[in-house]
Amino acid sequence: MAATEHRHKENFRRLMRETHEGNMDVVDELVAEDIVTHGFFGMDATDRAGYRSFFEGFGAAFGDQEFVIEDLVAEADLLVVHFTISAVHRGEILGIEPTGRRLSWTGTAIDRYEDGKIVEAWLYPDYMSILGQLDVLPSGVGT
Numbered sequence: 352m353a354a355t356e357h358r359h360k361e362n363f364r365r366l367m368r369e370t371h372e373g374n375m376d377v378v379d380e381l382v383a384e385d386i387v388t389h390g391f392f393g394m395d396a397t398d399r400a401g402y403r404s405f406f407e408g409f410g411a412a413f414g415d416q417e418f419v420i421e422d423l424v425a426e427a428d429l430l431v432v433h434f435t436i437s438a439v440h441r442g443e444i445l446g447i448e449p450t451g452r453r454l455s456w457t458g459t460a461i462d463r464y465e466d467g468k469i470v471e472a473w474l475y476p477d478y479m480s481i482l483g484q485l486d487v488l489p490s491g492v493g494t
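If you read the sequence shown in the numbering used here, its first letter stands for residue 352, the second for the next number, and so on.
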């Protein structure tokens, strides 16, 4: 594996570990100022402050997070991760009041790097699983 791909993997692991532990300062170090995100729970960002705000809001909504990297692949300027996350729904998100339930879901994320920083990110969590566990889907949907 090339040094660049190895660095992307290590930086991603660090970013996820530290943001899920509540250290948002790591975002300033590893994310480009003009990052653009797609699919972030309806909270897409067009700058680093928005990206950081997403993780702060996600942390407030979901406590006791356990983020597990199932697969991590990097090639050239792209990194793809398949993950599992479990967390307790402790705060409002997407207009859904906290339930206190422990949820678990899988997802995929794709990050594009320039000069060692994430400049674009796509997030594809299993929204149907999340919404189903929160009991906000109409009867029969997602089952």
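Backbone N, C-alpha and C fix where the C-beta goes; we use that ideal spot for every residue, glycine too.
Remember, predicted model here, so these are calculated numbers, not experimental data.
For the 8 Å CB-CB criterion, V439 and T459 do not form a contact. For the 8 Å CB-CB criterion, A411 and Y402 do not form a contact.
The beta carbon of V377 lies closer than 8 Å to those of R365, L366, E369 and T370 in the same chain, with the five residues before and after it left out. A straight-line Cα-Cα distance of about 21 Å links I386 and H433. Of the candidates R453, G442, T457 and I444, the residue whose Cα lies closest to the Cα of I436 is T457. DSSP, read as helix, strand or coil, puts T435 in strand.
In the displayed model, G467 falls within coil according to three-state DSSP, outside both helix and strand.
When DSSP states are grouped into helix, strand and coil, V377 belongs to the helix group. In the DSSP secondary-structure assignment, E417 is bridged to S437.
The closest CA to that of D379, considering only S455, F406 and E448, is found on F406.
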